[in-house]
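Residues in the sequence shown are numbered from 12 upward in steps of one, following this note's numbering.
Everything below concerns the one structure shown next.
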Amino acid sequence: MKKALTVAGSDNSGGAGIQADLKVFSAFGIYGMTAITSITVQNTKGVIETIPVNSQTLYNQIKSIAEDIGIDVLKVGMLQTAENVEILSEAIDKFNLNLNVIDTVIKSKNNKSLLNDEAIDLFIKKIIPKSFIITPNIPEAERLTGNIIKDIEDMKKSAKELYKMGAKYIVLKGGHLPMENKVFDIIYDGKDFVILEYPFVKAKNTHGTGCTYASAIASNIVKQKDIIKAIRIARIYLQGAIENSTDIGLNHFWMH
């Protein structure tokens, strides 16, 4: 059985973060493990509080797994602090965690900062160059590149700029920019663009979509060499999760 480690925050409501990742790993037959970066207090209404984990404790979590169970693929989500960004960069080098999917988590749906400005600058310098796949949404891509994205051509331009930062594959998600009731995701490998097109689902049940997508990609790239096919499978899985989500709580429901 392939083994995946998620380095991310803990969502006590069960909809995002490591809780979402573990559910996805299990759905794809992957053995999931965790290294927690932050304890969050949240529900379907939004993030209320975040308490970062000490960076040395984060490193020790990764180390204990790498030196015993082993890690076939790494998925990264919320890091929150510059110290956690720095220590993750060290861990990627130390334990050869080169097959990875980095979800560029910057803010929550209710605009709570999940990665401060100092950490973002360090993330661009230390994590993106070591990334196999990064999965920014439109607001995250705008923050990382400084661009304004209004259409597919803007998405392509930003994907090229993100690629130049060092990632092997860019998966730029278009969920924040529906066009004619469709959503377009852009995949870029430095040479070619692949555009994934899906129906736009107008739903409140979107809590944890980024986590779910990234962990689904991680689950599939570790099982096959065709990266584009792996991303397509993950996107189909995400679409099904959104369309078949459950109404739990009072606001942005999660997928299950």
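A virtual CB, placed ideally from N, CA and C, is assigned to each residue, including glycine.
{"Item": "Who does residue 164 pair with in a DSSP beta bridge?", "Value": "For residue 164, which the question treats as bridged, DSSP gives no partner whatsoever."}
{"Item": "For residue 240 and residue 148, what's the separation of their Cα atoms in angstroms?", "Value": "20 Å"}
{"Item": "Looking at residue 177 and residue 131, is the spacing between their C-beta atoms short of 8 Å?", "Value": "no"}
{"Item": "By the three-class DSSP mapping on this structure, what secondary structure does residue 170 have?", "Value": "helix"}
{"Item": "Can you give me the start and stop residues for the alpha helix (DSSP H) that residue 57 sits inside?", "Value": "First-last for residue 57: 57-63, but that is the beta strand (DSSP E), not the alpha helix (DSSP H)."}
{"Item": "So what does DSSP say about residue 235, is it helix, strand or coil?", "Value": "coil"}
{"Item": "Could you tell me the alpha carbon to alpha carbon distance between residue 52 and residue 22, rounded to whole angstroms?", "Value": "7 Å"}
{"Item": "Report the rounded CA-to-CA distance for residue 218 versus residue 163, giving the unit in angstroms.", "Value": "24 Å"}
{"Item": "When the Cα of residue 200 is compared with those of 91, 170, 223, which residue comes out closest?", "Value": "170"}
{"Item": "In this structure, does DSSP put residue 68 in helix, strand or coil?", "Value": "helix"}
{"Item": "Would you kindly work out how many angstroms separate the C-alpha atoms of residue 43 and residue 61, rounded to a whole number?", "Value": "23 Å"}
{"Item": "Indicate the three-state DSSP secondary structure (helix, strand or coil) for residue 156 in the structure shown.", "Value": "helix"}
{"Item": "Considering residue 94, what are the terminal residues of the alpha helix (DSSP H) in which it resides?", "Value": "93-105"}
{"Item": "Can you give me the Cβ contacts of residue 87 inside the same chain, cut-off strictly under 6 Å, excluding the 5 residues immediately before and after it?", "Value": "18, 113"}
{"Item": "Measure the C-alpha to C-alpha separation of residue 133 and residue 142 and round it to an integer number of angstroms.", "Value": "14 Å"}
{"Item": "Could you round the C-beta distance between residue 172 and residue 146 to whole angstroms and report it? I think they count as a contact, below 8 Å.", "Value": "Wrong, their Cβ atoms sit about 16 Å apart, outside the cutoff."}
{"Item": "At the level of alpha carbons, what is the spacing between residue 124 and residue 236?", "Value": "35 Å"}
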